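Take a look at the structure below.
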Amino acid sequence: LWNFIVTVSSCAGVCVSLPAPSNVSISSFNMEHTLRFLPGLDTPSDTHFTVQIFSFRRNVWRPVAACSQLTAGQPCNLTREFKNPFFHYQARVQAYTATQTSPWTVSGQFQPLSDTVLGPPEVSVSGCGNCLLLHIRVPTTWGQLKDFYRGLILHVQRTRDGVQFTLSVPYKEEHMIAYLQPGVEYCVSVSVTSLSNTNPVSSQPHCAFTSPPPSRSSLHVVFGLLAAFCALGFLVTGLVIYGGQLSYELLRQCLPRTLVTDPTVCAGT
Ligand SMILES: *[C@@H]1O[C@H](CO)[C@@H](O)[C@H](O)[C@H]1NC(C)=O
Ligand SMILES: *[C@@H]1O[C@H](CO)[C@@H](O)[C@H](O)[C@H]1NC(C)=O
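Sequence positions in the sequence shown follow full-length UniProt numbering and run 1 to 269.
What follows is the structure, given as C-alpha cells:
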C-alpha cells in the first residue's frame, strides 16, 4: 500500500496519463528502415514523441537521438540504428508533453536481412543470336546485403504467343539465356533473392529480339519491289488511258468528216 501511495504521489511531477501511441511498425525497402506510428486517440496537439531501440544482442533500450522530438505521424529513419543485418531489433515510441508522458508502445521484432523488401534490380536486355544477354545492377543501398543475396529468378516470356518459363540461377551481373528462337522478341523480368529473404520485388518486363527480326531488312526490299510494281502499274494504266484518249480524239476528229466524205480519208490521217 505504501508503495502505491508513493507511486501516485509521484504523479505530481511527470504522470503517465497521455494516450500511448498506436500502430508502431517498422518497414524496410532496399535496406532502408523506417519506423511509423500513430498518436493515440485524443492526444493533445502539442504532444511530441520519442523513440528507443532494443537490440537483442545488447539487451538494452537506448534512445535514438534523431527521433527524440517527433511530431504526430512523423516517421523515424532507423537505417543507421539497425546496422547489423543479422541482429534482431525492436523499437518503441512514447508520447510526451512538458508535464506528462504516455506508456511505451513496442513494435514487432525486426531483422534487416529477412524483413527488408528487395526492390527490383536495374535490368537491360539485348539479343545475341539465339540468346539474350542480361545486364543486372542492384541498388547501391543494398550495401552489405550484396554479400548475402545469391539468386536470380528470371521470368522469360515470348511476346508472340505468351509461352513462358522461369529460370532460377546464381546471382551474376551478366547472364545469358540460351537456346531461344532467333529473330523473335522475348520479355524478361528479374528478381533477386537473398539467403533468408522472401520478399523480392520483380522488375518490369524488359523486351528484346534475340536477333534482328526478318522484318527490318527484308521488309525494305519487299516494300521497294512493291513500290516498283505500283509505279509500273500506274505507268501502264496511264499509257492505256492516254492511248485511249488519243484514239478517241482521232475518232472525234475523223467522225464529222467521215460522215460527209469518204471514210478512206480518215484512215490516212
Ligand atoms: C492500426 O492498427 C489497428 C489494429 O492493429 C488496425 O485495425 C488499423 O487499421 C491500423 N490503422 C492504420 C491507419 O494503419
Ligand atoms: C535514412 O537514412 C539513410 C542513412 O543515413 C539515408 O541514406 C536515407 O536517405 C534516409 N532516408 C530518408 C527517407 O531520409
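Using N, Cα and C, we set each Cβ at its ideal position, and we do this for glycine too. Quick caveat: nothing in here was measured; it's all calculated off a predicted structure.
Per-residue burial, residue i [other beta carbons within 10 Å of its own, 16 or more giving buried]
i, result
"A65", "exposed"
"L118", "buried"
"F82", "buried"
"V192", "buried"
"residue 280", "Residue 280 lies beyond the stretch modelled for the chain, which goes from 1 to 269, so this question has no answer here."
"D161", "exposed"
"T210", "buried"
"V93", "buried"
"M176", "exposed"
"S28", "buried"
"G108", "exposed"
"A20", "buried"
"V125", "buried"
"V51", "buried"
"T47", "buried"
"V60", "exposed"
"L226", "exposed"
"C230", "exposed"
"T140", "exposed"
"L235", "exposed"
"L132", "buried"
"L134", "buried"
"P75", "exposed"
"V240", "exposed"
"N3", "The pLDDT assigned to N3 is 45, lower than 50, so where the model puts this residue is not dependable, and the model offers no usable value."
Segment limits, alpha helix (DSSP H) that includes residue i
i, result
"L113", "112–115"
Option nearest residue i by Cα separation, candidates the options
i, options, result
"P44", "T166, T101, L78", "T101"
"S189", "S22, G238, H155", "H155"
"Y186", "L232, C230, G129", "G129"
"V201", "S25, N84, P121", "P121"
"D42", "S124, L18, Q111, C131", "L18"
"T159", "Y179, H206, A178", "H206"
"T116", "V123, G183, F87, A95", "F87"
"Y96", "Q111, C76, T71", "T71"
"S203", "K172, V138, L226", "V138"
"T79", "R58, Q111, L134, Q157", "Q111"
"M31", "L235, N199, G238", "N199"
"S168", "A98, T99, S194", "S194"
"A98", "P63, Q69, F54", "Q69"
"V163", "N23, L180, G40", "L180"
"P85", "Q157, V106, S55", "S55"
"G73", "R36, W104, R58", "R36"
"S114", "H33, I136, L232, F49", "H33"
"Q77", "T105, L152, I26", "The amino acid at residue 77 is misidentified as Gln; the sequence shows Asn. The residue with the shortest Cα to Cα distance from N77 is I26."
"W104", "E173, E174, G40, P170", "G40"
N- and C-terminal bounds of the beta strand (DSSP E) containing residue i
i, result
"R57", "Segment: none, R57 is in no beta strand (DSSP E) and carries neither H nor E."
"V190", "185–194"
"E122", "122–127"
"R80", "Looking at the DSSP string, R80 is not in any beta strand (DSSP E), and its letter there is neither H nor E."
"N23", "22–29"
"H88", "H88 -> no beta strand (DSSP E), and no H or E assigned at all."
"A208", "206–209"
DSSP beta-bridge partners of residue i
i, result
"residue 297", "Shown here, the chain extends from 1 to 269; a query on residue 297 therefore has no answer."
"L35", "I26, C76"
"L134", "V125, H175"
"G151", "P170, T193"
"Q164", "Q157"
"A227", "Looking at the DSSP assignment, A227 forms no beta bridge with any residue, so it has no partner."
"F49", "L70, A95"
"P212", "BP columns for P212 are empty, so no partner."
"L180", "Partner(s): none; L180 has no beta bridge."
Practice prompt. Taking 6 Å as the limit, tell me which residues put their C-beta closer than that to any heavy atom of ligand 2, in chain order.
Written response: The set of residues with CB atoms less than 6 Å from any heavy atom of ligand 2 reads, in chain order, E32, N77, T79, R80.
Discussion item. Residues around ligand 1, please: the condition is that the C-beta lies closer than 7 Å to some non-hydrogen atom of it.
Written reply: Counting every residue whose Cβ lies closer than 7 Å to a heavy atom of ligand 1, we get S22, N23, L38.
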